[in-house]
Structures are given as structure tokens and as C-alpha cells.
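K.L.:
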Amino acid sequence: MKANKPSLILYFLALLFTIIFDWTEQEYMAIYAKAIVLPAIFFYFFVSSEFKIGKTEVFIFLFCFIGQVFDLMDVEVSEIGGVLSFLVVYLLLLKIFIAEREKVILSKKDILPVSIVVIFIVYLLVSVLSLQSDNMKKFNALYTFYGIVLSVLSYFCFVRYITKGTHIALIMSLMAVCYIFSDIFYIFNEYFSHSVVLVLIRDVTQILGYYFMVEYFLERSKAKKKVLYNN
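Heads up, the sequence shown is in this note's numbering, so the first residue is 21 and it goes up one at a time.
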């Protein structure tokens, strides 16, 4: 068995038990299962990357962990603390996308799907922000900025997949989809009455988002090594 396999197996076991405990409404057990997710996926990444990790990736994992801690603690400042933590995560991911400076050229056939993506993202942003709970309205500007950052991040991912169609672009898009659904269903959980299905979708998409994020980091590292090797 490869050295990175045990941590990946542990990650998927944590995902499985999160699904089971969410479905059976065993909240405390679900908290324990979710607490295992980030350490497991971090060790999978750390071993898979041959114990090499950049500063940006370190801060991304750190703020993911802080955001997860806020979520699990469920104290008075948990909501705003979690939002600020994941806002930093999205900004750091956006920084990586911009730093790569990969030029995207839209052909005529790409204009329609890109336009649909932009309209869909804007529609989701406006619709979801209109569902803010009373507590969220206190920080309306922060949630609006958070939504805009996630929208721009998603735009980068989807447009890259539409124009490039590469494996890494697909992983980026899946990551963006997971984070979008995770945040949307987080707001649904705040706005509507408690629902097992809403909680389940929120947790599963958030956990899968971590996996696709790590796969993106690993694929990005492989691509860099290929460029260096070819040069």
C-alpha cells in the first residue's frame, strides 16, 4: 500500500460516517466524523506531494481548519468566524489562479457557454444573498463581498474548463461546484427550518470540496514538474 493511501481511506471513511450520522441526526457523532476530514486530507496531500508544500497551500489548509473549528464549536461567533476563514481561503485560491497568468482566449463557440455561466453565477449570487437571515443581514457587506469572491473564483474555474477542457480544469470546476453548493445550502440551513437533506448536502459538498482542492494542488504540482523537465 502506498504511503498516502491510509490517509485517503480515512478521509473517505470520515465522509461516509458523516453521511450516516447526518442522515440519522446524530449531531455529536457527525461532529467527530467531520473533525477527522481535514487532518486526513492534509496528510494525504502532504505525503502525495513528497512532503513539499508551498506557503499559500499552508495558509489555505490553516484557514480551512480554523473555519472548520468555528463550525464544529457552534459558539456565538462561529458564523462570522467561519465566513471570514473561508473568505481568506477563496482569496488565496484566487491568488493562485491569477498568479498562474494563463491567458484565456475565447473562441466564437465559447461565447455562448461562458455567457450562460456568467448569467447563472450572477443569478445565484443575487438569489442566495436575498435569502439572508436576520443575523446575516448584520454583516450584509461581508456576505456580499464573500459571494462576489466565490463568484469570481467559480468564473475562473468554469471558463478555464470551457476553453481548455483539461483534466486540471475539470478538477477546478468540480471544486468550485462543491464550494458553491456547500455555501448555498449553508444559507438554506440558516434561512429555512432544519432539514436533514439540507445538512447532508451542505456537509458532503464541503468535504468533497476539500478533496478536489487537494487534487488540484497535486495536478498543478505535476504540471509544474513537467514544464521544468521539458525545459
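Think of the CB as a built atom: it goes at the ideal place given N, C-alpha and C, for glycine as much as any other residue.
By alpha-carbon positions, which one of GLN88, GLU99, VAL89, ILE80 ends up nearest to VAL109?
P.N.:
ILE80
K.L.:
Can you give me the C-alpha to C-alpha distance between TYR211 and VAL217, rounded to a whole angstrom?
P.N.:
14 angstroms
K.L.:
Could you work out which residue in LYS244, GLU239, VAL234, LYS245 is closest to TYR64 when comparing CA atoms only?
P.N.:
VAL234
K.L.:
When DSSP labels each residue in this structure, what does HIS214 get in the three-state scheme?
P.N.:
Assignment of HIS214 by DSSP, reduced to helix, strand and coil, places it in the coil class.
K.L.:
For GLY229, does the three-state DSSP call read helix, strand or coil?
P.N.:
helix
K.L.:
Where does LEU151 sit, in a helix, a strand or coil, going by DSSP?
P.N.:
coil
K.L.:
Since VAL219 and ASN209 should fall inside the 8 angstroms C-beta cutoff, what is the C-beta to C-beta distance between them, to a whole number of angstroms?
P.N.:
6 angstroms
K.L.:
Over what stretch of residues does the alpha helix (DSSP H) that includes ASN24 continue unbroken?
P.N.:
Here ASN24 belongs to no alpha helix (DSSP H), and DSSP marks it neither H nor E.
K.L.:
Taking all protein chains shown into account, do 16 or more other C-beta atoms lie within 10 angstroms of the C-beta of MET262, making it buried, or fewer, making it exposed?
P.N.:
Absent from the structure is residue 262, since the part of the chain shown begins at 21 and ends at 251.
K.L.:
Could you give the uninterrupted runs of the alpha helix (DSSP H) lying entirely in the stretch 70 to 145, keeping only those of 4 residues or more?
P.N.:
75 to 93, 98 to 120
K.L.:
Put THR44 into one of helix, strand or coil per three-state DSSP.
P.N.:
coil
K.L.:
Determine, for GLY229, whether the minimum Cβ-Cβ distance to residues of chain B falls below 9 angstroms.
P.N.:
Chain labels in this structure do not include chain B; a single protein chain is all it has.
K.L.:
Out of curiosity, what's the CA-to-CA distance linking GLY87 and LYS244?
P.N.:
29 angstroms
K.L.:
Is LEU262 near ILE100, with beta carbons less than 9 angstroms apart?
P.N.:
This structure gives no information on residue 262, because the portion of the chain shown stretches from 21 to 251.
K.L.:
Closer than 8 angstroms is the cut-off here; do at least three beta carbon pairs connect the stretch 135 to 146 with the stretch 112 to 122?
P.N.:
no
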